[in-house]
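In what follows, a structure is listed as structure tokens, so that the remarks can point back to it.
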Amino acid sequence: MLEKNVTLSLRGCVQGALMCIPVFPGIIVFGAVFGTVAAQKGLSFLEALLMNSIVFAGASQFVAMEIYSDPLDRPTLIAMVGITAAINMRMLLIGASLRPWLGQVPGYKTYPALFFLTDLNWLLTLSQYEKGTRDWGIYLGSGLIVWAVWSLSVIPGYFAGSLISDPKTFGLDLVLPAFFAALLVPLWKGKRQTVSWLIAGGVAWATWVLFGGYWSIFTGAVAGAFAGAYLDD
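Under our numbering, residue 233 is the last one in the sequence shown; the count climbs by one each step, no gaps.
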């Protein structure tokens, strides 16, 4: 069901941007680590900057860099596309969940704005939506500021790449799992989610043990989705 009285205001955009300030340190470190990885993989500064700004896909960028090789052959390219597509399948459901809010917004405004959709501003947007807010400037403002900070954070990481031979030495590899683990806390709403999360985690772990690689992301996501859809409270 579509919502009525949906608005877009500068005040809402500013509010959405300000709500993201507490997570800036995490975004900056996360983006800087990507810059380091890109430098170690041999990407030029312009290539790293453009990938960070245009792809704007967080975890998918890290996976792509781990698979990437120079020169890039067709099998590697296909693997990069397949794995990153599997990781980003969650965006189908995340985007659909915004339909009640953005369904009445003209397509020429909605579709470009979806470029700025991330786990973070989706979570912030839904929290405000549940409080009765119908100003989708919160979504747009938070998405724009996250994109800007993320795009710029690659710069220090790229030029420090030669100084940081292994991000794991400084525990920077923990930023990604810690970030998503933190996102899970406010999303928990009851028993069914607990069971589906456990099933997703169990299937992902089993896949990783048996096959390795990144297929655990795909199998865990699918298992969790089915469990969440069919298990009763």
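Where a beta carbon is used, it is the ideal one built from N, C-alpha and C, also for glycine.
For Ala227, the uninterrupted alpha helix (DSSP H) segment begins and ends at Trp215 to Tyr230. Ala227 places its beta carbon less than 8 Å from that of Ala200.
Ranked by how close their Cα comes to the Cα of Asp119, the residues Phe62, Tyr139 and Arg134 have Tyr139 in first place.
Cβ-Cβ distances below 6 Å link Gln128 to Ile138 in the same chain, with the five nearest sequence neighbours on each side left out; the list follows chain order. The continuous stretches of alpha helix (DSSP H) do not include Trp136, and DSSP gives it neither H nor E. The beta carbon of Leu93 is closer than 8 Å to those of Ala225 in its chain, skipping five residues each way along the sequence.
For Ala96 and Asp70, the gap between their C-alpha atoms comes out near 37 Å.
In the DSSP assignment, Val29 falls within the alpha helix (DSSP H) that extends over Phe24 to Gln40. Just so you know, the alpha carbons of Met19 and Gly220 end up roughly 31 Å apart. Note: Thr7 is bridge-paired with Asp135 in the DSSP secondary-structure output. Ser53 places its beta carbon 8 Å or farther from that of Thr84.
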